[in-house]
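Notes to accompany the following structure.
Numbering (our numbering), first residue to last: 6 to 245.
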């Protein structure tokens, strides 16, 4: 990974060795080569004071030349530099490398946690979607079942009401027929009784034609008083 390559610790021994070699190789080249000893300086002109050159400038004896090669100084500088690198490598680059490693590990852990959380969130979302679809299907099934049950109950109640109405009508028809039959039977019995009574009266005494007609009319009036018109007609026919 690119992030791992960027945060990877530096190769400290290789870096220190490279710096040391560059310093050692560059130190002699930075100083000019020492020229061969020049002949002894020509005696100062007559009249020049000691300690002054021909132009009267004050000459400093033993003044060091900064461009002159100094091997001892280069050696000590190299030693100090190497010691400094060693100290830095021991007390600075080690903790820094450890901190970088820890930081990389924490970033990697955070990245993995984020990826895991994202995957879990996606899984939970998919599970929630499936549960919602299942709930919708269950609600739809419950509503369909309730509608079917309501329709069945409605049809059952309607059929029961029709059956009850038909049974009531048939019972009423039977009761009406029975009542009619009972009335006709009672009327017939009374007609018979009345006819027997009239016949008895006729047999008990002899009467004339006019008296017989009068008795028939009286019997007819009694039949009309105890029965309906149809019964009256039947009574007349029976008596006649």
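All residues carry an ideal CB built from backbone N, CA and C; glycine is no exception.
These numbers come from a predicted model, not from an experiment.
| Asked | Found |
| --- | --- |
| CA-to-CA distance, residue 97 to residue 86, given in whole angstroms | 15 Å |
| Residue 220 vs residue 201 beta-carbon contact at 9 Å | no |
| 7 Å CB neighbourhood of residue 230 in its chain, flanking five on each side removed | none |
| Span separating the alpha-carbon of residue 179 from that of residue 166 | 20 Å |
| Neighbour-count burial assignment, residue 192, 16 or more Cβ in a 10 Å radius | buried |
| Backbone CA spacing between residue 82 and residue 123 [nearest angstrom] | 57 Å |
| Alpha-carbon spacing of residue 194 relative to residue 187, whole angstroms | 11 Å |
| Continuous alpha helix (DSSP H) stretch holding residue 79: start and end | 76-93 |
| Test item: CB-CB of residue 199 and residue 227 under 9 Å | yes |
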